[in-house]
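Heads up, the final residue of the sequence shown is numbered 306 in our numbering, and it's a clean run with no missing numbers.
Cβ atoms here follow ideal geometry from the backbone N, Cα and C, with glycine treated the same way.
What you are looking at is a predicted structure, and each value in this text was computed from that prediction instead of being measured.
Here is the structure we will look at.
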Amino acid sequence: MESLGRCEHRAPVVISGSAVAVAAGFAGCAVGTDTGGSVRLPSAWCGLVGLKVTEGLLPTAGIVPLSHTFDTPGPMTRSVRDTALMFETLLGRSPSAIDYDRDQTVGLWGQLVKGVQGVRLAVLDDTERRWADQAMLDLYDKSLDLLSNLGAHIEVVRLPIGFDDLKGASGTFMSAEGYYHHGPWYEDADRLCDSAVRPRILAGKEISSQSYINAMQQRIQDQIAFQASLQSFDALVTPTTMTSAVIVETINQSETPAHFTRAANYLGMCGLTLPMGLTDEGLPGGLQVMAPAYCESKVYRSGRF
2 MESLGRCEHR APVVISGSAV AVAAGFAGCA VGTDTGGSVR LPSAWCGLVG LKVTEGLLPT
62 AGIVPLSHTF DTPGPMTRSV RDTALMFETL LGRSPSAIDY DRDQTVGLWG QLVKGVQGVR
122 LAVLDDTERR WADQAMLDLY DKSLDLLSNL GAHIEVVRLP IGFDDLKGAS GTFMSAEGYY
182 HHGPWYEDAD RLCDSAVRPR ILAGKEISSQ SYINAMQQRI QDQIAFQASL QSFDALVTPT
242 TMTSAVIVET INQSETPAHF TRAANYLGMC GLTLPMGLTD EGLPGGLQVM APAYCESKVY
302 RSGRF
């Protein structure tokens with residue numbers, strides 16, 4: 002197996018153990034919970050494919066909640082096809098039904114074999130590109146060139162709401178709902194918990210019911226605006242992360258790597274991350290494909306290249 006560097010000095014973010022196990026070949030697949038990127042982020046930093054499904058499409062029973070509005074289970078694997086197989090399995094489809102669709106290349110499997118010829122993809126303008134470092138932008142541009150050469154239609158789009166604003170808006174839900182579910186535990190000073198996590202959960206105590214309801218109403222308006230801006234496209238393509246995996250000693254706990262991923266949860270979209278190559282340091286970068294709710298087939302078609 003090709004080495005990706007001294008992994009003990011890198012932080013592959015949340016659900017990191019599962020992602021590392023799949024990347025190392027110890028497991029064929031893993032399932033995580035994506036609340037703001039927790040399936041896509043470790044997948045991107047470990048060179049995997051990870052799917053954030055449409056909220057409500059898969060049951061969350063048995064999952065410890067953080068934000069019941071955003072929590073979505075999803076698969077992590079080493080290939081797009083394996084992730085599609087896991088997705089259909091999680092949907093509860095029988096092995097015979099999946100095999101039939103795959104053999105006949107219909108349903109989701111029909112989309113996988115179509116390729117990106119004729120797919121309409123929206124890509125970031127300079128306002129949004131500036132959030133990613135040069136290493137990620139180099140990989141991003143190479144991926145866009147490849148998609149274009151394969152027949153995809155690429156167009157720069159000016160989004161109605163910036164990713165940074167979407168990231169902040171999603172934080173209201175995660176804080177308020179995180180405190181609702183776990184507040185008593187973190188209020189108890191004798192409970193053992195991470196010192197960086199405790200203040201994030203307790204911050205939800207300060208969010209009033211009026212602020213929470215206002216956030217819910219604003220979310221609906223933002224979803225409408227975003228859908229209108231992307232109605233002529235099949236998918237929106239971004240880097241999954243702003244950087245490659247960071248050195249553990251340099252981690253700033255007040256910052257989040259979820260700049261580009263939280264938007265899918267907040268906007269109710271589905272999203273797929275897939276490897277887009279290695280940086281000059283030999284570290285993986287991920288390409289994120291986002292599509293409207295219940296359009297998983299579109300992210301799979303756009304990501305199969």
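Following the DSSP letters along the chain, one finds R121 inside the beta strand (DSSP E) bounded by residues R121 to L125. Nearest C-alpha to G304 among T280, G283, C271 and E282: C271. DSSP places L147 within a helical segment (H, G or I) once states are collapsed to three. Between the region 152-162 and the region 108-126 there are three or more inter-stretch CB-CB distances shorter than 8 Å, so the stretches are counted as touching. Measuring C-alpha to C-alpha distances from P185 to each of L203, A197, D195 and V198 identifies L203 as the nearest.
The beta-bridge partner set that DSSP reports for M291 consists of L237 and G272. P200 sits in a helix when the DSSP states are folded into three classes.
A distance below 8 Å separates the beta carbons of P240 and A133. For V21, the number of other beta carbons within 10 angstroms of its own is at least 16, and it is reported as buried. Distance from the CA atom of L193 to the CA atom of D139, rounded to whole angstroms, is 42 Å. Counting only runs of 4 or more residues that sit fully inside the region 30-109, the alpha helix (DSSP H) segments are 41-46, 81-91 and 96-105, in chain order. Here the alpha carbon of I214 sits roughly 11 Å from the alpha carbon of A177.
By a beta-carbon distance limit of 8 Å, T242 contacts A45. Their separation comes to about 5 Å.
In the DSSP assignment, V117 falls outside any alpha helix (DSSP H) and carries neither an H nor an E.
With contact defined as three or more Cβ pairs closer than 8 Å, the region 84-94 and the region 46-55 are in contact. Note that the C-beta distance between Q224 and G269 is below 8 Å. Secondary structure at M277: strand, using DSSP grouped into helix, strand and coil.
The alpha-carbon separation between A197 and D100 amounts to approximately 46 Å. DSSP, reduced to helix, strand and coil, places I214 within a helical segment of the structure shown. Cβ neighbours of G108 within its own chain (closer than 6 Å, five residues either side excluded): D102. With fewer than 16 other CB atoms across the displayed protein chains lying within 10 angstroms of its CB, E282 is exposed. With contacts defined by Cβ atoms closer than 8 Å, G37 and R220 do not form a contacting pair.
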